[in-house]
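Chains as they are written, first to last, in my numbering: chain A, 188 to 832; chain B, 10 to 116; chain C, 30 to 192; chain D, 8 to 327. Below: the structure, in structure tokens.
In structure tokens form, the structure reads like this:
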């Protein structure tokens, strides 16, 4: 099996290249089919890996060739498929395939499909490369590729300046994250002169003792990279604006794959974080803060896609919380379930927007009212799973497991309180959207039938967001604990509180979503009557972080630039005036005395000599062929004579 | 029998004549002809040497010399033809477009 | 008899070559060149290289010079046109230079006095063939590639400017 | 080389020259007669019994014409050109072995000698066309030069097939090596050689250079008198040469069951000459680009393949 590993990132890359290079010969409809086939091949190889028992066997390793050979450091293009990577790869490739199929019909009318599918395939290839990379350099390559494709896909309709600026914004903020990741990689390379992840981590745990200064710095830098890419608190402003891209793009990039890259990176390098407990706690802290930020901001949004964007931010916050508390396996579980139900929500939103001629506002969507029953049901399942509706939805199991795990982490109860409040808010804002959009709709009205690829992908995602949770039953419950046992040796296990507290926590986790739904019902009815949430405007702009950054970052930057400009101007003129005022006589004296007398004559003399030499030399270039021949033969004759003499 | 030095002197004579043609004549075609004469001088030396040491390498060298001159001349002739067509002249003194413009103006 | 023919033909060859210097008209010059080539072919034959003699006539005189004549005729160069005098002004410098080169070459030749000469034994085309496809096989391949390159260049340069 | 040997060779040469000229004259007559019969008309039958003296009459007419050189023509080259064509054709008869010991010279590179002379033949036509200093002959000359060069290549390669089988260049060895005539071992070689031969001698269907309707008899338009006769003679001796060569190289020269060598040789050559004349009546003239197309894109590859196959088979056959 290990010799097929290259096919996973290779086939989408190949698909992208073919679309880019041979695209000229293909018609519009060929691009979508070709791209979906490439994604399908990747998914089938992953399936093959599962069938060939990759789940239980040792991690598969394949190195293609040494990439750059510098001295004795030979970074290779190598892929490892251990359990963590297997989970991530299956999530990414399955959702990628579904979204490719979905976008066949979604982007059918678009004239610029070639560019769309090229970047979509390239994105998939980059993400898979990032997951399978066995050394940080290759991981960074995948990281950058994903960043590039997200920029290109967000700004896909680049003619609209708003969307183009959204693309740029996403690119710049993620670049800041990438910068800190790059610094982290340089630091690690400087320390260990080795970049392959397994060897690096082994040396790190041996050489560095926990809590010392180096691991903290390295962990912080890597955390910076993860925050940038997964849109956590300081660098999350780009995700809501990234909704400017087409819905399948938002589904793929901003729900399932790209935002989880940060989570994957931290999960991959968790021994490093264990060496720096303070940083690990700060991961949890950032996670909780982002949960509250995302949930509260989502409450006041009117645009359906922005609601989902902020909800993604808060859900990824949950994953960071789990990582902070050392429950990496649970973070991975939440990542998987979140990928499915968030992709489902985005795709249903996309279909609704498309059928209601690009109407984004949830109020108007609600007034229009005509939605097909499939969309209604899919959105309901997604919302329930997101809110964590007890027992039946996958979201409940993963979120509940995280909540119980945080309790026993350092400063656990405080974090747990915030997280629980966050899950309440999540239930409120998602069902607020549901009631607004589907409340008065007369289901079964003559809706244009949703094309087959869309229905297929939606139903699969709906099924997945219900079923996936059963893999890991909560603590103490009779069901199977397949997930944590399976990932125990690779990602370590979470610390569990005593059974009694666990039961009470689970009870609260069941109750909270129900309360949330009730509150949402009341809120929607009041809002319809014109009631406005307190400080809704503040929340709607995402705690107007944009204005904040404008003040603390951009304005000072410009003032600094202006300052330097006039400093420079001041300095130069100033000195000149000073010099001329006081040294006028000296200047004139040296000008006519020294300068004319000695300096000028010598210079002009030199010039004259040069010009003369130039004339002589240029004569040799006067283009006369026979003159050249003469010189050549003269040279030959002279040489021969000299040799003979 | 013909001493080697005699045939070598004839070859040298031919070589020098070819050089003189190249230097003196002002026509592109004549320069190419001068070139041919020089090549033939060299061919004669190769044959004479091959004969003197009595091994076929001299003749092999001459064959390859012919191949090279044929290839070179084919292209050279077409270049002369193009020069004639575009620049309306094969006079060497007129073909000075690549000269270094001492007036300093852009070429 | 043998030497007489040899020196006679070499004289013809040299005279024909020098005639190119003075011939006003390119076709005449080309014909003088053909004559000197044929004389050289005979010299090759006398020097025991029959294959080369035939090749010289076939390739050099038969193909290359025909190419030459072809071009001259197509370009329709007439002596009347702006032909400068055969020996352009200032011909003394290069002529003097050529003379010095000749003297140097001659001086080299008799400085290294080549000893006795053996009688001329013809080298069979078979021997040349064996050498050609024996040790020099690679060079034959390279020559083939060179010819291909020249062919492509010629075709490319001489194609009519389409649209 | 004492005096007697000199006399003998000179007389031999004179004899061969006379025989060749008479054969050429007869061929002219024969061709016009045969073509006429093939086109069911009579042809020349006035001069002498059955018009046998017609060529003599033509020759006398041409000889007695005024030796005229057009004023605008380049005098020297104009005259030399008309001599080259018959000269090269006649000279290559030196090495053609008519029968067992009937040949003028047997040099070990005879075939090369013939090919060299055939490549010189181009000069005659080209210079003839150019020297008459007018448009049509110039184009005729250029076209025929291009045609002859491009057909010289396949002919050379086809001959190499024969050389591989016989292992030597001299025609006598080739004929003696032909227990089974080479036409059986080298059918493609024979066909290519014949086609190229027709092209070399500017015979129909390859006689575009002096195509009457376009170029008003091509390169020899300006030639009137004896010089035109030389061109004309050169062409027919060329045809004779190609036929003789074909018999020597492919049809087994003088080998033959009953009759002595020389008779077989003449029978075979006459048969081939008849083929030339027959072609003249039946085939239409080829356009210039078709001409080039066949030469470069059909004959050359065929000759190369033929050469390769014979080389490989020759290798086994020789060793085996």
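Every residue, glycine too, gets a C-beta built ideally from N, C-alpha and C.
Nearest-angstrom Cα separation, counted from residue j out to residue i
i: residue 296 of chain A; j: residue 174 of chain C; result: 53 Å
i: residue 30 of chain C; j: residue 49 of chain D; result: 56 Å
i: residue 57 of chain C; j: residue 36 of chain C; result: 24 Å
i: residue 259 of chain A; j: residue 252 of chain A; result: 15 Å
i: residue 148 of chain D; j: residue 21 of chain D; result: 31 Å
i: residue 211 of chain A; j: residue 648 of chain A; result: 34 Å
i: residue 598 of chain A; j: residue 464 of chain A; result: 13 Å
i: residue 671 of chain A; j: residue 282 of chain A; result: 23 Å
i: residue 339 of chain A; j: residue 432 of chain A; result: 9 Å
i: residue 153 of chain C; j: residue 315 of chain D; result: 23 Å
i: residue 720 of chain A; j: residue 709 of chain A; result: 12 Å
i: residue 249 of chain A; j: residue 199 of chain A; result: 18 Å
i: residue 130 of chain C; j: residue 51 of chain B; result: 15 Å
i: residue 292 of chain A; j: residue 594 of chain A; result: 46 Å
i: residue 821 of chain A; j: residue 138 of chain C; result: 20 Å
i: residue 267 of chain C; j: residue 83 of chain B; result: The requested residue 267 of chain C is not part of the displayed model; chain C covers only 30 to 192.
Cβ separation of residue i and residue j, assumed to be a contact under 8 Å, to the nearest whole Å
i: residue 124 of chain C; j: residue 33 of chain B; result: 7 Å
i: residue 419 of chain A; j: residue 507 of chain A; result: 6 Å
i: residue 255 of chain D; j: residue 182 of chain D; result: 6 Å
i: residue 489 of chain A; j: residue 550 of chain A; result: 7 Å
i: residue 321 of chain A; j: residue 267 of chain A; result: 4 Å
i: residue 57 of chain B; j: residue 17 of chain B; result: 6 Å
i: residue 306 of chain D; j: residue 199 of chain D; result: 6 Å
i: residue 165 of chain D; j: residue 196 of chain D; result: 4 Å
i: residue 229 of chain D; j: residue 96 of chain D; result: In fact, because the Cβ distance is near 21 Å, the residues do not count as touching under 8 Å.
i: residue 566 of chain A; j: residue 625 of chain A; result: 7 Å
i: residue 592 of chain A; j: residue 687 of chain A; result: Actually they are not in contact, since the Cβ atoms of residue 592 of chain A and residue 687 of chain A sit about 16 Å apart, beyond 8 Å.
Own chain partners of residue i with C-beta closer than 6 Å, once the 5 adjacent residues on each side are dropped
i: residue 111 of chain D; result: 101
i: residue 438 of chain A; result: 286, 530, 533 and 534
i: residue 250 of chain D; result: 276, 279 and 280
Cutoff 8 Å; reference residue i; Cβ partners in own chain excluding five residues on either side
i: residue 115 of chain B; result: Low local confidence applies: a pLDDT of 47 at residue 115 of chain B is under 50, so the model's placement there is unreliable, and no value is given.
i: residue 194 of chain A; result: 228, 229 and 232
i: residue 631 of chain A; result: Its pLDDT being 48, under 50, residue 631 of chain A is placed unreliably in this model, and the value from its coordinates should be taken loosely. Only 560 meet the Cβ criterion.
i: residue 568 of chain A; result: 528, 531, 580, 649, 652 and 653
i: residue 150 of chain C; result: 77
i: residue 583 of chain A; result: 572, 575, 576, 577, 656, 696, 697 and 700
Cβ neighbours of residue i in the same chain (closer than 7 Å, five flanking residues each side left out)
i: residue 85 of chain B; result: 41
i: residue 521 of chain A; result: 505, 506, 509, 585, 586 and 589
i: residue 213 of chain D; result: 154, 205, 206, 293 and 298
i: residue 160 of chain D; result: 307
i: residue 187 of chain A; result: The displayed coordinates of chain A run from 188 to 832. Any statement about residue 187 of chain A would go beyond what the structure contains.
i: residue 673 of chain A; result: 270
> Which runs of the beta strand (DSSP E) fall wholly inside the segment 583-660 of chain A and span at least 3 residues, in chain order?
Replying inline: Fully enclosed beta strand (DSSP E) runs of 3 or longer: not present.
>> So, does the segment 341-357 of chain A touch the segment 368-385 of chain A, judging by three or more C-beta pairs under 8 Å?
In response: No, because fewer than three Cβ pairs between the segment 341-357 of chain A and the segment 368-385 of chain A fall closer than 8 Å, the two stretches do not touch.
> If you scan the segment 481-555 of chain A from start to end, which runs of the beta strand (DSSP E) of 3 or more residues do you find wholly inside it?
Replying inline: The segment 481-555 of chain A contains no complete beta strand (DSSP E) run of 3 or more residues.
>> Quick check: the segment 605-612 of chain A against the segment 695-710 of chain A, are at least 3 beta-carbon pairs closer than 8 Å?
In response: Counting C-beta pairs closer than 8 Å gives three or more between the segment 695-710 of chain A and the segment 605-612 of chain A, which meets the contact rule.
>> Which runs of the beta strand (DSSP E) at least 3 residues long sit entirely within the segment 212-255 of chain A? Give them in chain order.
In response: Here the runs fully enclosed are 247-253.
> Is the segment 23-41 of chain D close to the segment 229-247 of chain D, with three or more CB pairs under 8 Å?
Replying inline: The answer is yes - the segment 229-247 of chain D touches the segment 23-41 of chain D, with three or more Cβ pairs under 8 Å.
>> Quick check on the DSSP output: what are the complete beta strand (DSSP E) runs of length 3 or more inside the segment 78-154 of chain D, in order along the chain?
In response: Unbroken beta strand (DSSP E) runs of no fewer than 3 residues, entirely contained in the segment 78-154 of chain D, are not found.
> Which parts of the segment 416-493 of chain A are runs of the alpha helix (DSSP H), unbroken and 4 residues or longer, counting only runs that do not cross its ends?
Replying inline: Considered as a whole, the segment 416-493 of chain A harbours 425-428, 434-438, 445-455, 457-462 and 464-486 as its complete alpha helix (DSSP H) runs of no fewer than 4 residues, in chain order.
>> Closer than 8 Å is the cut-off here; do at least three beta carbon pairs connect the segment 77-90 of chain D with the segment 50-57 of chain D?
In response: The segment 77-90 of chain D vs the segment 50-57 of chain D: no contact.
> Hey, is the segment 315-335 of chain A in contact with the segment 190-206 of chain A, meaning 3+ C-beta pairs nearer than 8 Å?
Replying inline: The segment 315-335 of chain A is in contact with the segment 190-206 of chain A.
> Is it a yes or a no for the segment 399-408 of chain A touching the segment 482-496 of chain A, going by three-plus beta-carbon pairs under 8 Å?
Replying inline: No, the segment 399-408 of chain A does not touch the segment 482-496 of chain A.
> Quick one: complete alpha helix (DSSP H) runs, 4+ long, within the segment 290-325 of chain D?
Replying inline: Listed in chain order, they are 295-300.
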